[in-house]
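Since the structure comes first, as structure tokens, the remarks are kept for the end.
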Amino acid sequence: MSDIENTPEQVRFADFGLAPEILRALTDQGYVHPTPIQAKAIPILLQGRDVMGAAQTGTGKTASFSLPIIQLLLAHASASMSPARHPVRALVLAPTRELAVQVAENVAAYCKHTPLRSTVVFGGMDMKPQTAALRSGVEIVIATPGRLLDHVEQKNISLGQVQMLVMDEADRMLDMGFLPDLQRIINLLPKKRQNLMFSATFSPEIKKLASSFLTDPITIEVARSNATAEKVSQVVYKVNEDHKRDAVAHILRQREMKQVIVFSNTKIGASRLARGLVTEGMKAAAIHGDKTQQERMQALDSFKKGEIDVLVATDVAARGLDISDLPCVINFDLPYNAEDYVHRIGRTGRAGASGDAISIYSDKDERLLADIEKLIKQTVPRGTLEGFVPGGFRSDERHGERRRDRTAADRSAGERPAFERSSARPSGSAGPRREKVDPWFLKPYEPTRSNATPATASAATPAKPKQKIAALLGGLPKG
DNA sequence: AAAAAAC
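The opening residue of the first sequence carries number 1 in the UniProt record's numbering; numbering runs sequentially from there.
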């Protein structure tokens with residue numbers, strides 16, 4: 001894992017002055033040498049400095065902040081941990097539920113031999129077990145922003161003693177419109193604290209956010225995606241739009257169904273493809289935001305256990321998820337954002353292993369492919385699908401009647417209907433979304449658009465015109 | 001043209 005960059009081979013975790021309990025946990029997992037970002041970040045964080053880290057998943061990012069957090073909390077243990085009280089002293093915020101769970105698993109593993117306790121809170125699940133965990137006392141909380149605020153409002157958690165704050169995948173949190181939630185959370189924290197922010201990109205918005213709430217930060221950069229791309233062999237296959245599913249099935253059969261993630265641009269598309277592959281006799285499942293949280297976790301779990309060979313996913317899985325040693329990623333659709341291509345193919349070729357990134361595209365996607373190639377500054381080889389005969393898929397449900405049937409089947413299969421998911425959030429959090437990220441969102445504000453302001457919020461607060469992220473950032477507390 | 005996230 002330490003071959004990505006110019007980390008001196010002789011650096012070891014044991015050199016950082018970490019507590020023996022932490023080193024033991026690392027030894028348990030077979031970690032001896034830090035990755036480049038760990039080698040850079042750990043000493044700086046141990047000094048108590050704020051850090052702005054530019055790093056992709058798979059670089060060992062989680063350990064780079066978890067280990068110093070644990071070390072620092074242990075070092076100051078006697079001061080605030082004396083009686084039975086376990087105030088929350090470190091808070092990690094993540095954009096998606098799966099990422100939060102994954103970070104929490106890592107933190108728990110590193111804490112294993114220490115008296116520190118941690119827990120994770122995120123939406124889509126019963127509040128009660130989370131409440132019980134919070135009330136029993138934990139030093140480290142990993143959370144998605146919305147559910148965390150929910151717990152704050154219900155007084156299940158107090159953030160008044162937080163000494164360290166981590167914002168993981170900060171760029172994604174901005175993209176997803178979490179800025180107002182982040183502001184509210186930060187307002188609940190003590191002014192004096194250590195801040196860490198991780199982001200895959202350095203957009204102006206991210207820089208602004210960093211300058212708003214990091215104090216004199218040290219910036220750490222680790223070689224970007226090209227490092228990954230070198231180990232990932234990419235190829236694109238052009239097929240007729242109607243034959244994309246056949247093409248995926250064909251590729252999967254050829255590869256004898258080793259573990260593969262297939263990315264779809266839409267939730268419906270993901271469900272449909274997964275179902276189609278199952279009828280083709282493959283062990284496949286879909287993971288996306290319309291699945292219940294239980295289904296999402298189960299799909300991920302059975303994929304990790306190897307009970308499922310093909311995980312068909314939306315971009316809920318494009319970033320952050322650390323599914324190790326994936327030999328292959330397939331793009332059933334080319335992503336609308338070229339950035340997302342990099343994140344998707346970053347799921348393979350990890351930790352020194354090589355990987356294959358296969359993309360299917362059709363005539364109408366030429367533009368998307370051009371955008372991707374411009375971003376990654378290379379041409380992706382055009383391949384030919386050997387022996388591919390379209391038409392293998394049993395049913396083609398492109399016509400109205402059947403498609404409605406399928407949607408109904410989706411629902412009965414446990415997916416939540418759209419009205420349950422409508423973003424009926426308080427007006428404060430119904431802020432602008434994904435500005436700058438996608439041209440689609442740069443279109444002028446149209447009050448009639450359904451996603452403008454939720455109806456439930458409009459009674460209390462009149463619909464606000466789209467604000468600039470910069471304006472919102474201007475209101476952030478300094479330091 | 002999409003996806004994600006609190007009840």
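All residues carry an ideal CB built from backbone N, CA and C; glycine is no exception.
Between the Cα of residue i and those of the options, spot the shortest distance and give me the residue it belongs to.
i       : options                               : result
Leu-45  : Met-167, Ser-64, Ala-54 and Thr-35    : Ser-64
Leu-99  : Leu-321, Gly-391, Leu-369 and Gln-183 : Leu-321
Gln-47  : Leu-182, Thr-114, Arg-97 and Asp-216  : Asp-216
Ser-203 : Met-173, Val-88 and Ile-218           : Met-173
Leu-277 : Lys-207, Lys-291 and Leu-252          : Leu-252
Ile-170 : Lys-283, Pro-381, Gly-53 and Met-127  : Checking the sequence shown, residue 170 turns out to be Ala, not Ile. When only C-alpha atoms are compared, the closest one is Gly-53.
Asp-150 : Asp-175, Ile-140, Leu-182 and Glu-139 : Leu-182
Ile-345 : Arg-255, Leu-179, Val-312 and Ala-318 : Ala-318
His-243 : Lys-283, Arg-275, Phe-332 and Leu-214 : Phe-332
Leu-189 : Lys-207, Leu-148 and Glu-366          : Leu-148
Val-380 : Asp-309, Gln-234 and Ala-284          : Gln-234
Thr-384 : Glu-153, Ile-218, Asp-28 and Ala-247  : Ala-247
Val-342 : Gly-123, Ala-132, Ile-372 and Val-316 : Ile-372
Glu-153 : Lys-208, Arg-184 and Ala-274          : Arg-184
Phe-263 : Thr-131, Lys-208, Leu-209 and Val-312 : Val-312
Thr-314 : Asp-340, Ser-302, Ile-323 and Ala-353 : Asp-340
Ala-353 : Pro-327, Arg-367 and Ala-338          : Pro-327
Glu-280 : Gln-56, Gly-391, Ser-158 and Thr-201  : Gly-391
Leu-73  : Pro-115, Ala-55 and Gln-56            : Pro-115
Val-260 : Ala-370, Ile-358 and Leu-179          : Ile-358
Arg-255 : Ala-274, Gly-269, Val-329 and Ile-268 : Val-329
Asn-265 : Ala-338, Pro-180 and Ser-302          : Ala-338
Gly-269 : His-250, Gly-289 and Lys-258          : Gly-289
Gln-56  : Thr-201, Ile-69, Ala-133 and Gly-177  : Thr-201
His-250 : Ala-75, Pro-129, Glu-386 and Ser-271  : Glu-386
Which residues does DSSP pair with residue i in a beta bridge?
i           : result
Gly-60      : Gly-60 is not bridged to any residue.
Leu-159     : Answer is none; Leu-159 lacks a bridge partner.
residue 553 : No answer is possible for residue 553: it lies beyond the span of the chain, which begins at 1 and ends at 479.
Ser-233     : Asp-356
Ile-330     : Val-262 and Ile-358
Val-92      : Ile-142 and Val-166
Lys-364     : Answer is none; Lys-364 lacks a bridge partner.
Ala-54      : Ser-199 and Glu-221
residue 550 : Residue 550 is absent from the structure shown; the chain starts at 1 and stops at 479.
Arg-382     : Val-236
Thr-348     : Leu-326
By Cβ distance below 8 Å, which residues in the same chain neighbour residue i in space, the five residues on each side in sequence not counted?
i       : result
Val-103 : Thr-62, Ser-66, Val-92, Ala-94, Val-120, Ile-142 and Asp-168
Thr-59  : Ile-4, Thr-35, Pro-36, Ile-37 and Val-222
Just to confirm my understanding: we take residue i, look at its own chain, exclude 5 residues before and 5 after, and list those with CB closer than 7 Å. What are they?
i       : result
Leu-18  : Leu-67 and Gln-71
Phe-13  : Leu-23, Leu-26, Tyr-31, Val-32 and Pro-34
Gly-349 : Thr-228, Lys-231, Val-232 and Gly-355
Arg-193 : Val-162, Gln-163, Met-164 and Leu-165
Arg-135 : Asn-156
Val-138 : His-86, Val-88, Arg-117, Ser-118 and Thr-119
Val-11  : His-33, Pro-34 and Ala-39
Ile-287 : Arg-296, Ala-299, Leu-300, Leu-311, Ala-313, Val-316 and Ala-317
Gly-123 : Arg-97, Thr-144, Gly-146 and Arg-147
For residue i, which residues from the same chain have a beta carbon less than 6 Å from its beta carbon, with the 5 sequence-adjacent residues on both sides left out?
i       : result
Gln-298 : none
Gly-306 : none
Lys-112 : Ala-25
Lys-40  : Ile-220
Gly-160 : none
Ile-218 : Ile-44, Arg-49 and Val-51
Lys-283 : Ile-308 and Asp-309
Phe-16  : Ile-42
Pro-20  : none
Phe-303 : Leu-311
Pro-335 : Tyr-341
Ala-75  : none
Legend entry - Ordered list of beta strand (DSSP E) runs contained in the stretch 259-317, each at least 3 residues: 260-263, 284-287 and 310-313
Inset, instruction - Could you tell me whether the stretch 101-109 touches the stretch 119-129, using the rule of 3 or more Cβ pairs below 8 Å? - result: yes
Legend entry - Contact between the stretch 357-377 and the stretch 236-246 (3+ Cβ pairs under 8 Å): yes
Legend entry - Segments of 3+ residues assigned as beta strand (DSSP E) that fall wholly inside the stretch 99-155: 118-121 and 140-143
Inset, instruction - Check whether the stretch 279-296 touches the stretch 374-381, taking contact to mean three or more Cβ pairs, one atom from each stretch, closer than 8 Å. - result: no
Inset, instruction - Report the residue ranges of all alpha helix (DSSP H) runs contained in full by the UniProt domain "DEAD-box RNA helicase Q" (11-39); include only those spanning at least 4 residues, in chain order. - result: 20-28
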